[in-house]
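Each remark here refers to the structure printed beneath this line.
There are 2 protein chains.
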Amino acid sequence: MSIFVTGVAGFVAANLVERLLARGDRVVGFDNLCRGSMGNIATALRHPSFSFEKVDLADLAAYRRGLSHVHASSPVSEVWHLAANSDIPAGIADANIDLRDTLMTTFNTVELMKELKIGKLAFASSSAVYGDHGDRLLAEDSGPLFPISNYGAMKLASEGVISAALESHLERAYIFRFPNVIGVPATHGAIYDFVHKLRASPKRLDVLGDGSQRKSYLHVDDLVDAMLFIRANTAERLACFNVGAADEGVTVRFIAEQAVAAASPGASIQYGRGNKGWVGDVPKFAYSVAKLKALGWRPRLDSAQAVRKAVKQIAAQVSHA
Amino acid sequence: MSIFVTGVAGFVAANLVERLLARGDRVVGFDNLCRGSMGNIATALRHPSFSFEKVDLADLAAYRRGLSHVHASSPVSEVWHLAANSDIPAGIADANIDLRDTLMTTFNTVELMKELKIGKLAFASSSAVYGDHGDRLLAEDSGPLFPISNYGAMKLASEGVISAALESHLERAYIFRFPNVIGVPATHGAIYDFVHKLRASPKRLDVLGDGSQRKSYLHVDDLVDAMLFIRANTAERLACFNVGAADEGVTVRFIAEQAVAAASPGASIQYGRGNKGWVGDVPKFAYSVAKLKALGWRPRLDSAQAVRKAVKQIAAQVSHA
Numbered sequence: 001m002s003i004f005v006t007g008v009a010g011f012v013a014a015n016l017v018e019r020l021l022a023r024g025d026r027v028v029g030f031d032n033l034c035r036g037s038m039g040n041i042a043t044a045l046r047h048p049s050f051s052f053e054k055v056d057l058a059d060l061a062a063y064r065r066g067l068s069h070v071h072a073s074s075p076v077s078e079v080w081h082l083a084a085n086s087d088i089p090a091g092i093a094d095a096n097i098d099l100r101d102t103l104m105t106t107f108n109t110v111e112l113m114k115e116l117k118i119g120k121l122a123f124a125s126s127s128a129v130y131g132d133h134g135d136r137l138l139a140e141d142s143g144p145l146f147p148i149s150n151y152g153a154m155k156l157a158s159e160g161v162i163s164a165a166l167e168s169h170l171e172r173a174y175i176f177r178f179p180n181v182i183g184v185p186a187t188h189g190a191i192y193d194f195v196h197k198l199r200a201s202p203k204r205l206d207v208l209g210d211g212s213q214r215k216s217y218l219h220v221d222d223l224v225d226a227m228l229f230i231r232a233n234t235a236e237r238l239a240c241f242n243v244g245a246a247d248e249g250v251t252v253r254f255i256a257e258q259a260v261a262a263a264s265p266g267a268s269i270q271y272g273r274g275n276k277g278w279v280g281d282v283p284k285f286a287y288s289v290a291k292l293k294a295l296g297w298r299p300r301l302d303s304a305q306a307v308r309k310a311v312k313q314i315a316a317q318v319s320h321a
Numbered sequence: 001m002s003i004f005v006t007g008v009a010g011f012v013a014a015n016l017v018e019r020l021l022a023r024g025d026r027v028v029g030f031d032n033l034c035r036g037s038m039g040n041i042a043t044a045l046r047h048p049s050f051s052f053e054k055v056d057l058a059d060l061a062a063y064r065r066g067l068s069h070v071h072a073s074s075p076v077s078e079v080w081h082l083a084a085n086s087d088i089p090a091g092i093a094d095a096n097i098d099l100r101d102t103l104m105t106t107f108n109t110v111e112l113m114k115e116l117k118i119g120k121l122a123f124a125s126s127s128a129v130y131g132d133h134g135d136r137l138l139a140e141d142s143g144p145l146f147p148i149s150n151y152g153a154m155k156l157a158s159e160g161v162i163s164a165a166l167e168s169h170l171e172r173a174y175i176f177r178f179p180n181v182i183g184v185p186a187t188h189g190a191i192y193d194f195v196h197k198l199r200a201s202p203k204r205l206d207v208l209g210d211g212s213q214r215k216s217y218l219h220v221d222d223l224v225d226a227m228l229f230i231r232a233n234t235a236e237r238l239a240c241f242n243v244g245a246a247d248e249g250v251t252v253r254f255i256a257e258q259a260v261a262a263a264s265p266g267a268s269i270q271y272g273r274g275n276k277g278w279v280g281d282v283p284k285f286a287y288s289v290a291k292l293k294a295l296g297w298r299p300r301l302d303s304a305q306a307v308r309k310a311v312k313q314i315a316a317q318v319s320h321a
């Protein structure tokens, strides 16, 4: 039996795979290597229980060929679908990006699970499904769900595809609504941007927005831990969980200051205007993780600790690049 | 200026167009005539302020050609997007149907509104976005939204596409979450099925399920009235309204008895088992229309009155067919 992971060469999946291999699972991963990279899975590729294939999941025929072959040689017991567009602004400029890489990868995954009779699906959803609710504390059953980015819209659409499939052919689904996740190998995000900017111009850091934007952050080690904990412990057939740190988050200003301290001490920070970094970015955000807490899970790091750790890791990653 | 209506040869749109023409609007409508029919718009086609073109909205290039031409000759002030798959069981058997006809028609409509700078969109959404919540009274901000049909999933996805577009290029959006809508010209639904079955075998009516399934019904005349009322009276930029009668609905048993009385008095009714008619059908359903009521609108007919009227209309439609 094997666990099949989509978007395997991406940031979160690469971390997940290391944990799965470490506990003794056989893992097969696909990625189109559009945003993921082979470097992210360099360690996994040396493991005898891991195999990788370059497949574009938006191409149903290619995906069917690849997954049928995997399933015939080493039956897939469950699918972890983590492939998606990860560049939210790009998806706002061109809605086709999230249609293709965020929704159609899910749609095709669910179709093939129907064809191949694979019953269990774990899915990386997002806090972006909620849209902008101001200060309101968002729980898994909060509504309305009016996302403000195409990324959020297509994650919401993916959740709908999965919930509908549970009514006909899927057995179990685990929907993890991710917060902002940080760590290495980083490919995007505020910390990554700040560290890169400071490397290019070490004396000054320009920040989009006024720095007051506050978000909750989770370290990827905690995220992977939470997903595996939910997978192992929930009894719900459709298990939807906000995953995050149980705190009110940190500001962009805090992140910028940490990045300067780690990457270029003494650099000046210049802030822009307004509390949104870009169109479609949710300005503030409070996330209830009471359900996950009640299941018995706690993060090891809160938002501030996660940012401090990730800033050091990303600064090291960038200086070695 | 003209109002552009998609799915114009369908049941609801055909009724909407008659109201728009009656109040003096210029209307342009597209339909792929896959489920809609020219017969539904026979009256409108004789009106000098109406024009029709057969266009498949899932074909972006054809849609762009058609709508650009319309917009150049008679600028479109607003779009009423009513095109969608209307056969929910078909969409459960083959998820591609709702992907194409329910979601991609919306996706393409929103894309073309961006290209052509058309700012106002009225959208026919559905109570199917809510999924199955048992007896719980569902308001517009109720969650979670886990639809149990691909139709519901793709209506939810469409809402997400629209809410995301409001953040970048749309000016206003009106989202009408339809209940079960009845009236003529009928093309599907329980009344339509019952009347047809009784015409084929006048002595006995077989009903899927045990007849206890209860739903709220709205007559299409009231639905069109509510949509125009919301369009004229709401101040919200993203105006989402449950549209329905303010009652707890009627049972399938009531509908079957009305159909027998109108179409074949004395026929015996045979019920099946369970309280679901088909996979993906929501068994029971209570819908809060408090928001619409607060805006000042009331239906003329409650569920029972709407069913009685529609049964008579559909029996007449079928006997004249």
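The listed protein sequences correspond, in order, to chains F and B. Under our numbering, the residue at position 188 of the first sequence is numbered 188, and the numbers go up by one with no gaps. Under our numbering, the residue at position 5 of the second sequence is numbered 5, and the numbers go up by one with no gaps. Don't be surprised by glycine CBs; every beta carbon is placed ideally from N, CA and C.
Cβ neighbour criterion (16 or more within 10 Å) applied to B/His81: By one-based count along the second sequence, residue 81 of chain B stands at place 81. The residue in question, B/His81, is buried, as its Cβ has 16 or more Cβ neighbours within 10 Å.
Rounding to the nearest angstrom, what Cα-Cα distance links B/His169 and F/Ile92 in this structure? In the second sequence, the residue the question calls residue 169 of chain B occupies position 169. In the first sequence, the residue the question calls residue 92 of chain F occupies position 92. When rounded, the distance between both Cα atoms is 10 Å.
Where B/Lys324 falls: helix, strand or coil (DSSP): There is simply no residue 324 of chain B to check, as chain B begins at 1 and stops at 321 in what is shown.
Under 8 Å between C-beta atoms, does B/Ala316 make it to chain F? By one-based count along the second sequence, residue 316 of chain B stands at place 316. By this cut-off, B/Ala316 is not an interface position.
Are any of the Cβ atoms in chain B nearer than 8 Å to that of F/Leu238? Sequence index remark: in the first sequence, residue 238 of chain F carries index 238 (1-based). It does: the Cβ of F/Leu238 has a partner Cβ on chain B nearer than 8 Å.
Mapping the DSSP letters down to three states, classify F/Tyr130 as helix, strand or coil. One-based indexing of the first sequence puts residue 130 of chain F at position 130. Looking at F/Tyr130 - three-state DSSP - the assignment turns out to be coil, as it is neither helix nor strand.
To the nearest angstrom, how far is the alpha carbon of F/Tyr192 from that of B/Ser126? Position 192 of the first sequence holds residue 192 of chain F. Position 126 of the second sequence holds residue 126 of chain B. If you take the alpha carbons of F/Tyr192 and B/Ser126, they lie about 41 Å apart.
Taking only beta carbons into account, state which residues of the segment 120-149 of chain F come closer than 7 Å to chain B, listed in chain order. Result list: Gly131, Glu140, Asp141, Ser142, Gly143, Pro144, Leu145, Phe146, Pro147, Ile148, Ser149.
Does the separation of the CB atoms of F/Val322 and F/Leu16 fall below 8 Å? Residue 322 of chain F is absent from the model: chain F starts at 1 and stops at 321.
With 16 other Cβ atoms within 10 Å as the buried cut-off, status of B/Lys155: On the second sequence, residue 155 of chain B is found 155 positions in, with the first residue counted as 1. Residue environment: B/Lys155 is assigned as buried (16 or more neighbouring CB atoms within 10 Å of its CB, all protein chains considered).
Say the cut is 7 Å; is the CB of B/Ala164 nearer than that to a heavy atom of the ligand ATP? By its list of ligands, the structure shown contains no ligand whatsoever, and the ligand ATP lies outside what it can speak to.
Helix, strand or coil for F/His196 per DSSP? Here residue 196 of chain F is taken as the residue at index 196 of the first sequence, counted from 1. Assigned with DSSP and collapsed to three states, F/His196 falls in helix.
Check distances from the C-beta atoms of the segment 170-193 of chain F to those of chain B and list, in chain order, the residues that come in under 7 Å. Residues are counted here when their Cβ sits less than 7 Å from a Cβ of chain B; for the segment 170-193 of chain F the count is zero.
Along the chain, which unbroken stretches of the beta strand (DSSP E) at least 3 residues long are found entirely within the segment 51-122 of chain B? Listed in chain order, they are 76-81.
Measuring CB atoms only, is the segment 225-244 of chain F touching the segment 289-309 of chain F, in the sense that at least three cross pairs come out at less than 8 Å? Counting Cβ pairs under 8 Å, three or more are found: they touch.
Quick check on this structure: which residue in B/Ile97, B/Gly209, B/Met227, B/Arg204 has the alpha carbon closest to the alpha carbon of B/Ala263? The residue given as residue 263 of chain B occupies position 263 in the second sequence. Minimum Cα-Cα distance from B/Ala263 among the listed residues B/Ile97, B/Gly209, B/Met227, B/Arg204 corresponds to B/Arg204.
Alpha carbon to alpha carbon, how far is F/Ser288 from F/Leu121? In the first sequence, counting from the first residue as 1, residue 288 of chain F sits at position 288. In the first sequence, counting from the first residue as 1, residue 121 of chain F sits at position 121. F/Ser288 and F/Leu121 have their C-alpha atoms some 23 Å from each other.
Rounded straight-line distance, which links the Cα of B/Leu166 to that of B/Met227: In the second sequence, counting from the first residue as 1, residue 227 of chain B sits at position 227. In the second sequence, counting from the first residue as 1, residue 166 of chain B sits at position 166. Rounded to whole angstroms, B/Met227 to B/Leu166 spans 20 Å at the Cα level.
Taking the C-alpha atoms as reference points, what is the distance between F/Arg19 and F/Ala44? The count along the first sequence starts at 1 and reaches residue 19 of chain F at position 19. The count along the first sequence starts at 1 and reaches residue 44 of chain F at position 44. For the pair F/Arg19 and F/Ala44, the Cα-to-Cα distance works out to about 10 Å.
To the nearest angstrom, how far is the alpha carbon of F/Ala14 from that of F/Ala62? One-based indexing of the first sequence puts residue 14 of chain F at position 14. One-based indexing of the first sequence puts residue 62 of chain F at position 62. Going from the Cα of F/Ala14 to the Cα of F/Ala62 covers about 22 Å.
Quick test of your reading: B/Ala84 and B/Thr105, contact by CB under 8 Å. State the CB separation rounded to the nearest angstrom. Against the second sequence, residue 84 of chain B aligns to sequence position 84. Against the second sequence, residue 105 of chain B aligns to sequence position 105. About 7 Å separates the Cβ atoms of B/Ala84 and B/Thr105, confirming a contact at the 8 Å cut-off.
How many whole angstroms separate the CB atoms of F/Leu218 and F/Pro179, which I take to be in contact at a CB cut-off of 8 Å? Indexing the first sequence from 1 puts residue 218 of chain F at position 218. Indexing the first sequence from 1 puts residue 179 of chain F at position 179. F/Pro179 and F/Leu218 do touch by the CB rule: their CB atoms are close to 5 Å apart, below 8 Å.
Would you check if there are 3 or more beta carbon pairs closer than 8 Å linking the segment 127-147 of chain B to the segment 259-273 of chain B? Touching, no.
For the segment 104-121 of chain B, which residues have a beta carbon sitting closer than 7 Å to at least one beta carbon of chain F? Within the segment 104-121 of chain B, the residues whose Cβ lies closer than 7 Å to some Cβ of chain F are Phe107, Glu111, listed in chain order.
Using the beta-carbon of each residue, which ones in chain F are nearer than 8 Å to B/Ile255? Here residue 255 of chain B corresponds to residue number 255 of the second sequence, with the count starting at 1. Near B/Ile255 there are no residues of chain F at all, since even the closest Cβ is about 23 Å away, more than 8 Å.
Return the first residue and the last residue of the alpha helix (DSSP H) that F/Asn150 is part of. Working through the first sequence from its first residue, we reach residue 150 of chain F at position 150. In this chain, the alpha helix (DSSP H) harbouring F/Asn150 covers 150-168.
Close beta carbons around B/Gln317, own chain, < 7 Å, minus the five adjacent residues each side: Stepping through the second sequence from its first residue, residue 317 of chain B is reached at position 317. In its chain, beyond the 5 residues on either side, Val184, Pro185, Ala186 have a beta carbon closer than 7 Å to the beta carbon of B/Gln317.
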